[in-house]
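In UniProt numbering, the protein residues as written are 1 to 140. The beta-carbon is built from N, C-alpha and C at its ideal position, and this holds for glycine as well. Keep in mind the model is a prediction, meaning the values are calculated, not measured. Only one structure is covered here, and it is reproduced in the block below.
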Amino acid sequence: MLRTLNSSGLILRRSLSSANNNAGYDLSVIGGGIVGVASAREILIRHPHLKIAIVEKEKTLAFHQSGHNSGVIHAGIYYKPGSLKAKLCVEGLHLTYKYCDERNIPYKKVGKLIVATNKVEEERLKVSKYVMFVINVALT
Ligand SMILES: Cc1cc2nc3c(=O)[nH]c(=O)nc-3n(C[C@H](O)[C@H](O)[C@H](O)COP(=O)(O)OP(=O)(O)OC[C@H]3O[C@@H](n4cnc5c(N)ncnc54)[C@H](O)[C@@H]3O)c2cc1C
Numbered sequence: 001m002l003r004t005l006n007s008s009g010l011i012l013r014r015s016l017s018s019a020n021n022n023a024g025y026d027l028s029v030i031g032g033g034i035v036g037v038a039s040a041r042e043i044l045i046r047h048p049h050l051k052i053a054i055v056e057k058e059k060t061l062a063f064h065q066s067g068h069n070s071g072v073i074h075a076g077i078y079y080k081p082g083s084l085k086a087k088l089c090v091e092g093l094h095l096t097y098k099y100c101d102e103r104n105i106p107y108k109k110v111g112k113l114i115v116a117t118n119k120v121e122e123e124r125l126k127v128s129k130y131v132m133f134v135i136n137v138a139l140t
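What follows is the structure, given as structure tokens:
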């Protein structure tokens, strides 16, 4: 299955046989998971004149990991503070909320409770600026 994005970011479906008659894509993204679709969308926003195809081997988008995850908008807590991964995760978090707000997509901000089960973990939690709660659990 081949998907193309129009300038509104709408995904159009074409079977591979009909896609053969639509040569001339500027760019093909292989894989219609969140990374492929989000990449294609961002490229189209930055370069609206491009004709982009998303090539997905399954019959639907997000058939694998992207459609089977926990649905958590991660806060970057598990990444080294100040690292690129941590920064991108936090930036992505804000962009995700903005995207949801603009499209009235519901979400819940339930916070995160992180439990340190030993001294090492407790020290790790202390250096993180994202920590809201630290609970000491007595190990017996
Ligand atoms: C159990 C679990 C829970 C998770 N929970 C969360 C969470 O709560 N929050 C979060 O942010 N992340 C979570 N993740 C991580 C997140 O789901 C993944 O990082 C993300 O979905 C990866 O997206 P992707 O597009 O890279 O991969 P995928 O979603 O796997 O997409 C790749 C696509 O490429 C297609 N493909 C592969 N090879 C080809 C080919 N040769 N030709 C055409 N198409 C091809 C596949 O069919 C697939 O559709 C979780 C992951 C797991 C496993």
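Quiz item: Does ligand 1 have even one heavy atom less than 8 Å from the beta-carbon of ALA75?
Solution: Residue numbering aside, residue 75 sits at position 75 when the sequence shown is read from its first letter. No; taking the cut-off as 8 Å, the Cβ of ALA75 has no heavy atom of ligand 1 nearer than that.
Quiz prompt | Inter-residue Cα distance where the pair is VAL137 and LYS126 | solution = Stepping through the sequence shown from its first residue, residue 137 is reached at position 137. Stepping through the sequence shown from its first residue, residue 126 is reached at position 126. Since pLDDT at VAL137 reaches only 37, below the 50 mark, its modelled position is unreliable, and no value is offered.
Self-check item: Extent of the continuous alpha helix (DSSP H) to which ILE34 belongs
Solution: The residue given as residue 34 occupies position 34 in the sequence shown. Taken as a continuous stretch (DSSP letters only), the alpha helix (DSSP H) holding ILE34 covers 34-46.
Quiz item: ALA86 by DSSP, collapsed to three states: which one?
Solution: In the sequence shown, counting from the first residue as 1, residue 86 sits at position 86. Residue state, collapsed to three classes: helix.
Quiz item: Which stretch, first to last residue, makes up the alpha helix (DSSP H) that contains LEU125?
Solution: Against the sequence shown, residue 125 aligns to sequence position 125. In the DSSP assignment, LEU125 falls within the alpha helix (DSSP H) that extends over 119-126.
Quiz item: Which word fits GLY76, buried or exposed, when buried means at least 16 other C-beta atoms lie within 10 angstroms of its C-beta?
Solution: Taking the first residue of the sequence shown as position 1, residue 76 is located at position 76. Buried is the call here.
Self-check item: For LEU27, the three-state DSSP class (helix, strand or coil)
Solution: Within the sequence shown, the letter at position 27 stands for residue 27. Reduced to three states, the DSSP call for LEU27 is strand.
Quiz prompt | Residues near PHE133 in its chain [Cβ-Cβ closer than 8 Å; skip 5 each side] | solution = Residue 133 sits at position 133 when you count from the first residue of the sequence shown. Low confidence applies to PHE133: its pLDDT is 42, below 50, so where it sits in the model is not reliable, and the reading given next is rough at best. Same-chain partners within the cutoff: LEU113 and ILE114.
Quiz prompt | Beta-carbon contacts of THR96 that lie in its chain and below 6 Å, excluding the five residues immediately before and after | solution = Position 96 of the sequence shown, counted from the start, is the residue given in the question as residue 96. Counting only Cβ-Cβ distances below 6 Å, and skipping sequence neighbours, we find ILE73.
Quiz item: Can at least three beta-carbon pairs, one atom from the stretch 63-70 and one from the stretch 85-105, be found at a separation below 8 Å?
Solution: Fewer than three Cβ pairs drawn from the stretch 63-70 and the stretch 85-105 lie within less than 8 Å of each other, which leaves the two stretches out of contact.
Quiz prompt | Pick from ILE54, HIS94 and PRO48 that is closest to VAL35, judged by C-alpha positions | solution = Taking the sequence shown and counting its residues from 1, one reaches residue 35 at position 35. Nearest C-alpha to VAL35: ILE54.
Exercise. Mark GLY67 as exposed unless 16 or more other C-beta atoms lie within 10 angstroms of its C-beta, in which case mark it buried.
Key: Taking the first residue of the sequence shown as 1, we reach residue 67 at position 67. With fewer than 16 Cβ atoms within 10 Å of its Cβ, GLY67 is classed as exposed.
Quiz item: Quick one: does the C-beta of LEU61 sit closer than 8 Å to a heavy atom of ligand 3?
Solution: The model on display carries ligand 1 but not ligand 3.
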